[in-house]
Every structure is written in structure tokens, then in C-alpha cells.
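Structure record follows, encoded as C-alpha cells.
Residue numbers (the working numbering): 176 to 347.
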């Protein structure tokens with residue numbers, strides 16, 4: 176029989192991910208049309224100032240696409256990424272899981288899923304192409320033609336510097 180402590184430590188990473196994602200949504204004053212349309216069905220927009228004092232809405236939206244799959248370190252990897260991404264202005268994170276169904280804890284966010292067929296999981300075959308293509312399809316369907324943005328493919332096992340996103344913001 177599992178102790179109360181083991182159950183707590185199993186649930187703790189998921190609770191932290193949910194808290195971080197909720198914190199991202201509540202602290203961010205700038206709401207993009209795509210996100211408000213997707214979550215609320217309506218569009219609203221306000222502006223924020225970045226640390227340099229410039230208008231954040233003049234920055235392009237960075238759409239980060241992260242393909243992931245279930246493994247022992249998945250929660251830790253996504254938590255680390257969430258901590259970095261929450262500091263980036265005008266940011267929309269699309270997580271695509273290699274599974275047959277959504278994970279309930281993050282299903283209200285832009286969380287997609289597509290299963291990779293077994294024949295594509297062989298050594299030497301490109302990985303996560305189905306997940307990236309699904310995210311690009313979602314983006315084409317939910318992004319307004321007026322929105323400017325940059326697509327960034329962020330693997331969940333990498334670490335990213337905030338300086339990278341400052342450079343991405345200058346991409347035209």
C-alpha cells in the first residue's frame with residue numbers, strides 16, 4: 176500500500192505545472208486574439224510594457240511548439256520549460272503529446288495529441304514530425320491573418336536562454 180507521502184510526491188510535479196500555467200495566464204496582461212478566441216470564444220486585447228519600456232504588443236507573438244511523450248522525466252522537463260517561457264512577453268506555448276488522448280490536467284490549454292505510428296518509431300526515422308505538423312495545422316486554423324508571429328520549435332529536453340527569445344523578437 177502506498178503511503179500518503181508517495182502519492183503526494185507523484186502528484187506534486189503536475190500540481191506545479193498547473194500552478195505555473197495558471198500563473199502565466201493571470202499575470203500576463205496582454206491577451207492575444209488567438210488565445211482569447213481559443214479559450215473564451217471572444218477576443219480582447221490589452222497592452223503591457225516590457226522591461227525595456229517598449230510596447231509589448233509591437234513585439235511579434237512567439238508560438239513555441241513542443242512535442243513530448245510520456246516518460247519518467249517528462250514532468251520535470253515541462254516544468255523547467257514553463258519556468259523559462261513564463262518570462263517571455265507575447266508568448267504562446269503549444270504542447271503536443273505523443274498519445275491517443277489528452278492529459279486532463281492541461282487539457283484547457285493549447286494541448287494537442289497525436290499518436291506516432293510504430294513504423295515511424297524506428298531508429299534513423301525523423302522523430303516528432305506528426306506532433307509538429309499537428310501543431311502547425313492548429314496554428315493555421317486559430318491564428319488571425321492580422322497577427323504577426325514567429326514559430327519556434329522547442330524540444331522539451333533542451334534548455335533555452337531568455338536572450339534567445341530577445342533575438343527571436345527581432346526576427347522579421
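Think of the CB as a built atom: it goes at the ideal place given N, C-alpha and C, for glycine as much as any other residue. Computed from a predicted model, the values in this text were never measured in an experiment.
Which partner residues of residue i appear in the DSSP bridge assignment?
i: residue 239; result: 268 and 327
Less than 8 Å between the CB atoms is what I'm expecting for residue i and residue j, so what's the real figure, rounded?
i: residue 271; j: residue 234; result: No, residue 271 and residue 234 are not in contact; Cβ-Cβ is about 24 Å, not under 8 Å.
i: residue 196; j: residue 237; result: Incorrect: roughly 16 Å between the Cβ atoms, too far for contact.
i: residue 253; j: residue 192; result: 6 Å
i: residue 346; j: residue 326; result: Incorrect: roughly 10 Å between the Cβ atoms, too far for contact.
Nearest to residue i by CA position, among the options, is which residue?
i: residue 344; options: 318, 266 and 331; result: 266
i: residue 153; options: 340, 339, 335 and 304; result: Only positions 176 to 347 of the chain appear in the structure, and residue 153 is not among them; the question remains open.
i: residue 323; options: 314, 330 and 305; result: 314
i: residue 328; options: 249, 269 and 318; result: 269
i: residue 341; options: 276, 318 and 260; result: 260
i: residue 276; options: 244, 258 and 251; result: 244
i: residue 311; options: 188, 241 and 274; result: 241
i: residue 305; options: 273, 333 and 321; result: 273
Could you give the DSSP three-state label for residue i: helix, strand or coil?
i: residue 320; result: coil
i: residue 178; result: coil
i: residue 343; result: helix
i: residue 259; result: helix
i: residue 334; result: coil
i: residue 247; result: coil
i: residue 274; result: coil
i: residue 254; result: helix
Shorter than 7 Å, the distance from the beta carbon of residue i to the closest heavy atom of the ligand GDP, or not?
i: residue 240; result: As presented, the structure is devoid of all ligands, the ligand GDP included, so that no description of it is given.
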